[in-house]
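Protein sequences, first through last, are from chains A and B. For the first sequence, my numbering gives the first residue as -17, with consecutive numbering after it. For the second sequence, my numbering gives the first residue as -17, with consecutive numbering after it. Just so you know, even glycine gets a beta-carbon here, dropped at the ideal spot from N, CA and C.
Number of protein chains: 2
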Amino acid sequence: MTKPLDPEMLDPLCPSDLVPFRVEDKWAGMIIQCLEDGLRRFSELRALLRNTSKVLTQSLRTLERDGFIIRTVHAGPVRHVEYELTSLGRSLLDLLDAARTWARAPLDELIDAHERHQPLTEPANTTRCPRPDTSS
Amino acid sequence: MTKPLDPEMLDPLCPSDLVPFRVEDKWAGMIIQCLEDGLRRFSELRALLRNTSKVLTQSLRTLERDGFIIRTVHAGPVRHVEYELTSLGRSLLDLLDAARTWARAPLDELIDAHERHQPLTEPANTTRCPRPDTSS
DNA sequence: CCGAATCCCTGAGGATACTG
DNA sequence: CAGTATCCTCAGGGATTCGG
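The following block contains the structure:
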């Protein structure tokens, strides 16, 4: 089986949702990243994405429908389900990488811009964000 | 001034909103495309995007806030406003191009996938769509 | 001509609880 | 373990109207 994912791989404080680039839905980019090294089980993904199962399932179903991932059910005493990228899904990795590369330079400016033009929300808000597609 | 935009440049029937990429918001990708050749006036953009002014203004303001475009007001007997890409905004063109290039191959499969898994909506719906970032 | 203001509506996203 | 089933909130998107 694929080697375990680094639990710190997705930093919940990373301001990457300021990056103006989205693939499919909010979580799809991160899911694809997590599947980069091979098969992953549902629970692995849920733990990493700090996501509730409903939303995760939605994303996974959409990705499956569009042919980006394959879903495999392993019956048994303890049932488990595994997901993996198709070649089409794998082709998205290049694009995600391009987006992350692009974002590295202007990210600080983006953060500044958001802070400057948005004193509307709560003041002591440390720009929380659930780490989308541009995770390192 | 920049040469006129082709009115047919953005085909309202193009199924490009099935392409799983978004830049900023729904219209930002198209706006950036329209600004590729230089300055554009508000009315040019509104006509091309077949968009109501409020939503267009929103997108433009966001793009301006994030440093992707510059807004210039020309006062006078007939006031008009022009928008142009910054170098940062221009750097997005590469990403958009990469996304469009990627999308060309799997687009048909994406359309099929959507139609197969979505007999839920109205039947005689000719996949209307407002032509997002992947316009040719 | 270029928006701003208003109202409305849908749907993505999420919290919680339950099931084969 | 891997999901459904509900319910809720809120922001994106849009139609319409008004203003400088």
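Asked                                                                                                                                                                       : Found
Opposite His62(A) in the DSSP bridges: which residues?                                                                                                                      : His56(A)
Give the secondary structure of Phe24(A) by DSSP, where H, G and I count as helix, E and B as strand, and everything else as coil.                                          : helix
Residues of chain B with CB closer than 8 Å to the CB of Trp84(A), please, in chain order.                                                                                  : Ser73, Leu74, Asp76, Leu77
Starting from Arg86(A) and walking both ways along the alpha helix (DSSP H), at which residues does that stretch end?                                                       : 69 to 86
Apart from the five residues just before and just after Glu66(B), which ones in its own chain have a Cβ nearer than 8 Å to its Cβ?                                          : Leu17, Gly20, Leu21, Arg22, Ile51, Ile52, Thr54
Determine, for Arg18(A), whether the minimum Cβ-Cβ distance to residues of chain B falls below 8 Å.                                                                         : A small correction: the amino acid at residue 18(A) is Glu; Arg does not occupy that position in the sequence shown. Not closer than 8 Å to any Cβ of chain B, the Cβ of Glu18(A) fails to qualify, so no.
Should the stretch 79 to 98 of chain A be regarded as contacting the stretch 30 to 43 of chain A, the criterion being three or more beta carbon pairs within less than 8 Å? : no
For my contact list, Val1(A) and Leu89(A) are in at a C-beta cut-off of 8 Å; report their separation, rounded to the angstrom.                                              : 7 Å
Once DSSP output is grouped into helix, strand and coil, what is the label at Val5(B)?                                                                                      : strand
Can you list, in chain order, the residues of the stretch 1 to 12 of chain A whose Cβ is nearer than 9 Å to any Cβ on chain B?                                              : Pro2, Phe3, Arg4, Val5, Glu6, Asp7, Ala10
Output, in chain order, the set of chain B residues within a Cβ distance shorter than 7 Å of Pro88(A).                                                                      : Leu70
What number of angstroms, rounded off, separates the C-alpha of Asp(-12)(A) from the C-alpha of Cys(-4)(B)?                                                                 : 41 Å
Report the residue from Ser25(A), Ser35(A), Asp48(A) whose alpha carbon sits nearest the alpha carbon of Val60(A).                                                          : Ser25(A)
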